[in-house]
Amino acid sequence: MNYRAVIFDVDGTIVRGDTPIDGARVGLETAEDAGLNRLFVSNNPTKMPPAYQARLAHAGVTVTGDDVITAGTATTTYLSEFHANEDIFLIGEPGVSTQFEEAGLSQTESVEQAETLVASIDFNFSYQDLQDSLTILKDPSIPFIGTDPDIIIPTDHGDIPGSGAIIGAIENVTNRSVEQICGKPSPYTAQLALDRLGNPDPSECLVVGDRLDTDILLGKNAGMTTVLVKTGVTDNTTLSESDIQPDYVLESLAEFDRVLY
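Here this note's numbering is used: the first residue of the sequence shown is 76, the next is one more, and so on.
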């Protein structure tokens, strides 16, 4: 198969924190030597694409902001497309709010004025946030949007709850299901990625990542070839018990040439 493009996950695939993962640079150079258009897609909603330039530079990768899509990028783009004239009530980190502000989106801290609720990772998530969500989402016409579905996020200091945990808590208390999750594995992010890559046919595009339920599922749903690397959250037991099966399984990106040749 001749591939034209590749979508790389970042955390757990190329870097862990700010530390390059062994073999990542080799795999990235293999993709470059093969002439593949590269795009880096992260489910971190709090960081803007330029923040990834320094992180990827540690792995020997030179990128621009246009080479990166985050869950924050996807959510901001989605809101600008479908909810541009609405007052957004955000439960999330300041980094998410900053992206909304820079995109010219209107935000409110008033539950009475809220016209859309967006839930994301929030290190100060509280009982009051649940109460506000309950009040806002009693109105069935108010959209409920999530940045990304990651329930647990691995860090250098252990696992922490992610956006998905907060979205789930709000779903439980409001008896409302989130209507749109903008990050991986959503079709919205898949299409954003294809657009950024010049719209190759999905069959000509690879997706490489360490999570079955985000990276690999995004590729499966979009008709792309999927590659799991075992340098992140997925171990052999998780893989064998999952209904989501990648096309290729690599110990690390150092083996990326197996996919291409």
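C-beta: ideal position from N, C-alpha, C; glycine also. Just so we're clear, the structure is a prediction, and the values are computed from it rather than from any experiment.
By how many angstroms is the C-alpha of residue j removed from the C-alpha of residue i?
i, j, result
"residue 162", "residue 124", "25 Å"
"residue 222", "residue 256", "6 Å"
"residue 164", "residue 188", "8 Å"
"residue 182", "residue 168", "13 Å"
"residue 90", "residue 294", "21 Å"
"residue 247", "residue 109", "47 Å"
"residue 180", "residue 299", "33 Å"
"residue 227", "residue 276", "32 Å"
"residue 212", "residue 118", "25 Å"
"residue 280", "residue 78", "6 Å"
"residue 242", "residue 253", "7 Å"
"residue 217", "residue 238", "20 Å"
Are the Cβ atoms of residue i and residue j separated by less than 9 Å?
i, j, result
"residue 331", "residue 106", "yes"
"residue 304", "residue 326", "yes"
"residue 264", "residue 286", "no"
"residue 210", "residue 186", "yes"
"residue 139", "residue 283", "no"
Using 9 Å as the limit for Cβ to Cβ distance, is residue i near chain D?
i, result
"residue 167", "No chain D is present in this structure, which holds just one protein chain."
Identify every residue that forms a DSSP beta bridge with residue i.
i, result
"residue 83", "115, 283"
message: Can you confirm whether the stretch 212–230 touches the stretch 257–270 when touching is taken to mean that 3 or more C-beta pairs between the two stretches lie within less than 8 Å?
response: yes
- request: Would you check if there are 3 or more beta carbon pairs closer than 8 Å linking the stretch 147–154 to the stretch 88–101?
  value: no
query: Does the count of Cβ pairs from the stretch 82–97 and the stretch 112–132 closer than 8 Å reach three?
result: yes
task: Entirely within the stretch 109–188 and at least 3 residues each: give me those beta strand (DSSP E) ranges in chain order.
output: 112–117, 143–145, 163–166
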